[in-house]
Amino acid sequence: MKISLPKILVLFLSIFILQQSIYGQPIIVNHSCTNIKSIPENAIIQAKDNLHIAYGHTSHGSQLITGMNKLDDFMGGTGLYQWHDGPQQNMLDIDDYFVGGDLGNPDRTTWASKTRDYLNNSNNSDVNVVIWSWCGEVSSASEEDINTYLSLMNQLETDFPNIKFVYMTGHLDGSGLSGNLHVRNEQIRDYCRNNNKILYDFEDIESYDPDGKYFGDKQPNDNCDYDTDGNGSKDGNWAIEWQDSHTEGVDWYNCSAAHTQPLNGNRKASAAWWLLAELSGWNGVTSLFSPGDELPFNFELKQNFPNPFNPTTNIAFSLPVNTHVKLTIHNILGQEISTLINKQQSAGTYEIQFDAGNLNSGIYFYKLTTNNFTEIKRMVLIK
533 MKISLPKILV LFLSIFILQQ SIYGQPIIVN HSCTNIKSIP ENAIIQAKDN
583 LHIAYGHTSH GSQLITGMNK LDDFMGGTGL YQWHDGPQQN MLDIDDYFVG
633 GDLGNPDRTT WASKTRDYLN NSNNSDVNVV IWSWCGEVSS ASEEDINTYL
683 SLMNQLETDF PNIKFVYMTG HLDGSGLSGN LHVRNEQIRD YCRNNNKILY
733 DFEDIESYDP DGKYFGDKQP NDNCDYDTDG NGSKDGNWAI EWQDSHTEGV
783 DWYNCSAAHT QPLNGNRKAS AAWWLLAELS GWNGVTSLFS PGDELPFNFE
833 LKQNFPNPFN PTTNIAFSLP VNTHVKLTIH NILGQEISTL INKQQSAGTY
883 EIQFDAGNLN SGIYFYKLTT NNFTEIKRMV LIK
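Residue numbers in the sequence shown follow the working numbering, run continuously in steps of one, and reach 915 at the last position.
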């Protein structure tokens with residue numbers, strides 16, 4: 533990666549001026565949170581046992597639900613990934629379409645008053661998660677409109693402190709990185725990162741295929757159409773291309789997700805379960821260890837990848853024995869600014885994503901501490 537002189541100067545100046553303190557961490561669910569097999573079974577069960585969700589949406593938001601409807605069959609039909617509209621044993625409880633409309637329909641504020649009335653109804657006292665989605669209204673939103681949305685969400689969080697409210701970005705509309713849709717979604721992302729909110733990043737999830745190939749700079753839309761050669765014509769479809777080169781029923785499953793392709797509905801469903809697993813206490817640590825693999829011989833903290841990065845990077849480590857693990861992030865002054873892991877961990881190899889969206893460019897350190905091993909490595913954030 534070639535780094536320009538101005539960026540180098542900014543980077544090293546930041547070493548002397550960086551003073552960053554973090555109280556808590558945001559939960560950002562994006563394209564990197566779409567591997568359903570990375571979520572431990574106990575985290576799925578815990579989500580089903582503990583969460584009671586009210587989900588408000590119209591057609592675009594239904595992509596999550598449509599994908600979830602078919603996911604359990606795809607995963608073997610064990611019942612692990614089943615949900616039900618209302619409490620039912622061994623199923624995730626979702627009050628789907630809990631009130632009419634979405635974040636911009638019939639206007640940009642009615643959803644908040646409807647949510648308040650719903651939560652004040654004693655019949656809904658078990659609800660502890662509220663999710664609202666958009667259906668195209670971010671494309672025409674002004675900065676003030678999004679500020680209104682963020683303010684209303686924040687007020688609901690204040691008034692109902694025992695309920696987790698999930699923010700969401702709007703779906704792709706083909707206008708590209710310079711379009712209003714992306715600019716307004718960035719406004720939502722920045723707010724969530726800087727204020728430790730919970731975000732389901734709808735736009736980001738549908739900007740990548742399962743191999744991590746990025747299409748956001750190719751003017752993609754929600755149907756997964758994109759411009760292959762920069763001539764302004766959307767002559768490719770990343771989801772159909774991926775589906776055609778992979779096996780249905782093995783790599784992906786058919787579902788009738790509104791306005792889009794089955795693969796996009798698959799990824800939205802997996803990301804939804806990732807979100808719920810995190811809300812129920814899972815820390816996002818994924819095991820890279822499969823049955824039959826040999827256990828690591830040594831403790832090892834691997835170099836983060838990518839590095840330099842912006843704003844997310846993956847950190848992997850290996851444990852030869854069961855041990856308590858603490859993985860922390862430190863600034864250039866050595867001050868601990870974030871704790872990614874602090875728990876007992878079984879022997880194996882693990883990976884966790886670090887999102888530095890609310891940090892300034894600069895040099896940071898990550899530190900792995902176990903009962904009898906400590907290692908520190910350096911990473912570089914360049915925005």
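We treat Cβ as the ideally placed atom computed from N, Cα and C, and that holds for glycine.
The alpha-carbon separation between LEU865 and ASN842 amounts to approximately 21 Å. Look at HIS563 here: in three-state DSSP terms it is helix. Nearest to TYR587 by C-alpha distance, out of GLN621, ASP625, ALA673, is ASP625. Taking the CA atoms as reference points, ASN601 sits about 11 Å from GLY609. Excluding five sequence positions before and after GLY797, the CB atoms of its chain that fall closer than 7 Å to its own CB belong to GLN595, THR598, GLY599, CYS787, ALA789, given in chain order. In the DSSP assignment, MET700 forms a beta bridge with TYR732.
Shown here for THR818: same chain residues with a beta carbon closer than 6 Å to its own, the five before and five after excluded, namely SER570, GLU883 in chain order.
Straight across, the Cα-Cα distance linking ALA809 with LEU891 is about 25 Å. A contact is defined here as three or more CB-CB pairs under 8 Å, and the stretch 746 to 756 meets this definition with respect to the stretch 696 to 713.
Secondary structure within the stretch 711 to 767: the beta strand (DSSP E) runs of 3 or more consecutive residues, fully enclosed, are 730 to 732 (chain order).
Restricting attention to ASN846, SER665, PHE829, the CA atom closest to the CA of PHE837 is found in ASN846. In terms of Cα proximity to ASN863, the closest of PRO693, HIS856, VAL857, GLY894 is GLY894. With a contact defined as Cβ atoms closer than 8 Å, LYS729 and TYR699 qualify at about 5 Å. For the pair PHE849 and GLU832, the CB atoms are nearer than the 8 Å cut-off. MET600 carries a helical assignment under DSSP once its states are collapsed to helix, strand and coil. Remark: three or more beta-carbon pairs, one from each stretch, lie closer than 8 Å, so the stretch 655 to 663 and the stretch 571 to 586 are flagged as touching. DSSP, read as helix, strand or coil, puts TYR613 in coil. Looking at the backbone, the Cα of THR641 and that of VAL670 are separated by about 14 Å. Its chain contains ARG716, GLN719, ILE720 as the residues whose beta carbon lies nearer than 7 Å to that of ILE678, once the 5 sequence neighbours on both sides are disregarded; these appear in chain order.
In the DSSP assignment, LYS858 falls within the unbroken beta strand (DSSP E) covering 855 to 862. ILE560 is a Cβ neighbour of GLY889, given a cutoff of 8 Å.
Straight-line measurement puts the Cα of LEU612 at about 19 Å from the Cα of ASP628. DSSP places TYR681 in no beta strand (DSSP E) but in the uninterrupted alpha helix (DSSP H) bounded by 675 to 691. A Cβ-Cβ distance of about 5 Å is found for the pair ILE873 and VAL857, placing them in contact under the 8 Å criterion. One thing to note: HIS592 has its Cβ within 8 Å of the Cβ of SER665.
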